[in-house]
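K.L.:
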Amino acid sequence: MNKQIISQEQLIVLFFVYLTGSVIVNLPGPLIGFAQNGVWISLLLSGAAAMIQLLLVLYLDKEYPGKSFIEYSQAVLGKWPTVVIVIPFISLMFEMSTDIVFEVGKYVNSSLMRQTPQYIFDIFIFTTVAVTVRAGIEVMSRMFTILIFVVMLFIILTMLLSFPNYHSEFLLPILPDGIKPVLHGAYVSFGFTHAEAVLLALLFPFVRRPAGGLHKKLIIAFAISIITLIAVTISTILVFGPLAGERKYSMVEVARMIDIQPIIQRVEFIVGIALIVSSYMKACITLFILNQLIVRVCKLKDEKVLILPLAFINMLCAFILHRSETRLFEHITVILPLWKFSGFTIPLLIVVAIHLLKKSRTT
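Numbering (our numbering), first residue to last: 857 to 1219.
(1) By Cβ distance, which residues of its chain are closer than 7 Å to Ile979, with the 5 residues on each side in sequence left out?
(2) Take Phe1000 and list the residues in its own chain whose beta-carbon comes closer than 7 Å to its own, dropping the five residues that flank it on each side.
(3) Does the Cβ-Cβ distance between Val1108 and Val1133 come in under 8 Å?
(4) If you follow the alpha helix (DSSP H) that Leu1177 is part of, which residue opens it and which one closes it?
(5) With contact counted as at least three CB pairs below 8 Å, one residue from each stretch, are the region 1112-1123 and the region 988-999 in contact?
(6) Of all the beta strand (DSSP E) runs that stay within the bounds of the region 1001-1075, which reach a length of 3 or more residues?
(7) Is Ser1024 close to chain D? Criterion is C-beta to C-beta, closer than 8 Å.
(8) Residues in the same chain with beta-carbon distance under 6 Å from Phe958, minus the five sequence neighbours each way, listed in chain order, please.
(9) Among residues of its own chain, excluding the 5 on either side of Ile1210, which ones have a beta-carbon nearer than 6 Å to its beta-carbon?
(10) From Phe1200 to Phe1019, what distance separates their C-alpha atoms?
(11) Would the region 1027-1041 count as touching the region 1137-1155 if we require 3 or more Cβ pairs under 8 Å?
(12) Out of curiosity, what's the CA-to-CA distance linking Lys1072 and Met969?
(13) When DSSP labels each residue in this structure, what does Asp1158 get in the three-state scheme?
(14) Does the beta-carbon distance from Thr1044 to Thr1189 come in below 8 Å?
(15) For Val942 and Ser1135, what's the separation of their Cα atoms in angstroms?
(16) Work out the CA separation of Lys1157 and Met857 for me, nearest whole Å.
(17) If you draw a straight line from the C-alpha of Ile993 to the C-alpha of Ile1191, how long is it?
(18) I'd like to check one pair, Phe977 with Val989: are the Cβ atoms closer than 8 Å?
(19) Do the region 917-935 and the region 1083-1090 meet, that is, are 3 or more Cβ pairs less than 8 Å apart?
(20) Below 8 Å, can you find three or more Cβ-Cβ pairs linking the region 1138-1146 to the region 942-954?
(21) How far does the alpha helix (DSSP H) with His1211 in it reach, from first residue to last?
(22) Can you find at least 3 beta carbon pairs, one from the region 913-920 and one from the region 1093-1108, that sit closer than 8 Å?
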């Protein structure tokens, strides 16, 4: 089977889509509930920690150009230690791909089509995701370039049209309860999205080489994603003030408040579309990376043979693993950040540390 190749720009699009995705709609409300007006400090702190992680990934790509995280883990650790550290990766990817589709299905069911069972949406989304992933990373990157432009356009329009509803006094005080809520917010935001930068290492083998200047562009894309999240979060605070932390789909609620003349009212549907499309894109990339993990560990020749079975397993998990709002909140804010740190960050640190140790011994 011919290996698909994407350009630097297409990889940057996929990276940006994965970092922002549905997060720009889902994250602000819960995060504000933790960090309050200091939420932007939380995002900067978690972004700084994630930047270090990204730099480690880019360092490994420089040392092992054109190889994936699995391949240079095998070169550094050996076959079976790599299998051990990949197990948390795979479990997390299953969890994430299930949660992403479940959340968007829940949003459609609760906000748009309340009489339709949620499993109908889950089946439709998982089927669409599986078909997209089977089309390959090249098709995904071309399509997502257009879709992320539309999503960002909708979000920017929402923030601009909400300008009459902004109240600058809502931004103060910045630290009403001290630094602890900000640190808690940084912990949650790191686990919610920023810890996922290590997954970029699974996409490097598909980039056209030589990839001069790619690392610098990826760092810029990461910085833009942080700025985007901060802008969306501050926009939510400016509109709702102390109540911002109680809004689950905060940007949808911000759009619902827009009222500019009789022709521009209640435009939350455009943010709803952005949420659905961005969740779909992130689910596609997650399933693609999950498939690549298993294919490269098992050294399968056909990279597409497991896509449909994996999508089916994820769909069954979405049907079975229903969580109450309380358990879902605990899962996202307590369990998932710790799980991602142990499943993503620690394996990366182990590989980098042992690589540096071996390199120092040979010099």
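We put the CB at the ideal spot given by N, CA and C, even for glycine.
P.N.:
Considering the structure as presented:
(1) Met1171
(2) Val869, Leu870, Val873, Met1137
(3) no
(4) From DSSP, Leu1177 is part of no alpha helix (DSSP H); its letter is neither H nor E.
(5) no
(6) none
(7) No chain D is part of this structure, which consists of one protein chain only.
(8) Ala1174
(9) Taking Ile1210 as the centre and dropping the five residues before and after it, the same chain places the C-beta of Val932 closer than 6 Å to its C-beta, in chain order.
(10) Counting only the Cα atoms, Phe1019 lies some 39 Å from Phe1200.
(11) no
(12) 44 Å
(13) coil
(14) Reading the sequence as shown, one finds Val at residue 1044 and not Thr. Result yes, Cβ atoms of Val1044 and Thr1189 sit closer than 8 Å.
(15) 25 Å
(16) Its pLDDT being 48, under 50, Met857 is placed unreliably by the model, and the measurement read from it follows with that caveat. Answer to the nearest angstrom: the Cα atoms are 8 Å apart.
(17) Each residue's Cα considered, the two are about 31 Å apart.
(18) no
(19) The region 917-935 vs the region 1083-1090: no contact.
(20) yes
(21) Residues 1202-1218.
(22) no
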